[in-house]
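Following this note's numbering, the numbering of the sequence shown begins with 4 at its first residue and continues without gaps.
Idealized CB from N, CA, C, for every residue including glycine.
Notes follow the structure.
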Amino acid sequence: MSKALVVIPTYNEIENIERLLRNVFSLQRKFEVLVVDDNSPDLTHLKVKDLQEEFSENLHLLVRKGKSGLGTAYIEGFKWALARKYEYIFEMDADFSHNPNDLIRLYNACDKQEFDVAIGSRYVKGVNVVNWPMSRVLLSWMASKFVRFITQMPIFDTTAGFVCYRRKVLETINLDKIQFIGYAFQIEMKFKAYLSQFKIIEVPVIFTDRTKGESKMSGGIIKEAVFGVLSMKFKSLFNRYEI
4 MSKALVVIPT
14 YNEIENIERL
24 LRNVFSLQRK
34 FEVLVVDDNS
44 PDLTHLKVKD
54 LQEEFSENLH
64 LLVRKGKSGL
74 GTAYIEGFKW
84 ALARKYEYIF
94 EMDADFSHNP
104 NDLIRLYNAC
114 DKQEFDVAIG
124 SRYVKGVNVV
134 NWPMSRVLLS
144 WMASKFVRFI
154 TQMPIFDTTA
164 GFVCYRRKVL
174 ETINLDKIQF
184 IGYAFQIEMK
194 FKAYLSQFKI
204 IEVPVIFTDR
214 TKGESKMSGG
224 IIKEAVFGVL
234 SMKFKSLFNR
244 YEI
């Protein structure tokens, strides 16, 4: 068993999943992958099952009943990892917005530099985003600035979804008490790690918008993030926020 597991939620990612998995498994460092598929209508999970014949030791699959949100997919993946002996557990998108080669850099930040959380950051050194319209770049950048201001976390990319956690971080955070399932899930995980005083580092990465498949972003997800941040910070001020 590898020490590192990459959790990849999927919903209609048939155009990306095989190439992504082959890229991950071709890396010099060994990573295992858990695909958490929300019963994709395009049958992403069947493609993963086919690939399991080739990558039987490194590729794992959870198929859920339907589309239940990014946060719940990650939580199921985290619990699956904690039931086994993985030391480093990653979040990663299926659409190639996150470069598989950067997995090694995040791994080394935790394993060699001994950080507890390594964030693949778009904003720690300027703005490193490719193929986004300027309106979306500004929205994302301003959202991270807003979250940083409200929560006082010393993190530039507070909404990043490319992250490596040491096992002890996910064991400390009560995963059953995570409130948010969309965009705000990423913020909440970082906020709880920050409040728990874990060592967090941002590793600069280049984020490239998907070229295949459809984005899952929506207005409701952004609304959850804005109001979720205010709620989390308010509760933490009065010791009513459970980690």
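Bounds of the beta strand (DSSP E) holding ASP40 are 35 to 40. Ranked by Cα distance from LEU85, the first of GLY185, ILE190, ARG169 is ARG169. Remark: C-beta atoms of VAL172 and PHE201 approach each other more closely than 7 Å. Counting along the chain, HIS101 sits inside no alpha helix (DSSP H), nor does DSSP assign it H or E at all. Within a 10 Å sphere around the beta-carbon of ILE92 sit 16 or more other beta-carbons, which makes this residue buried.
SER143 sits buried, since 16 or more C-beta atoms from the chains shown fall within 10 Å of its C-beta. Separation of ASN134 and ASP40 (C-alpha to C-alpha, rounded to the nearest whole angstrom) is 26 Å.
With respect to the 7 Å criterion, VAL36 and LEU62 are classified as neighbours on the basis of their beta carbons. Here ILE122 is near ALA163, since their CB atoms are less than 7 Å apart. By the criterion of a C-beta distance shorter than 7 Å, LYS6 is surrounded in its chain by TYR89, GLU90, TYR91, once the five residues flanking it on both sides are discounted. Residue range 137 to 154 is occupied by the alpha helix (DSSP H) that includes VAL140.
7 Å or more divides the Cβ of VAL51 from the Cβ of ILE11.
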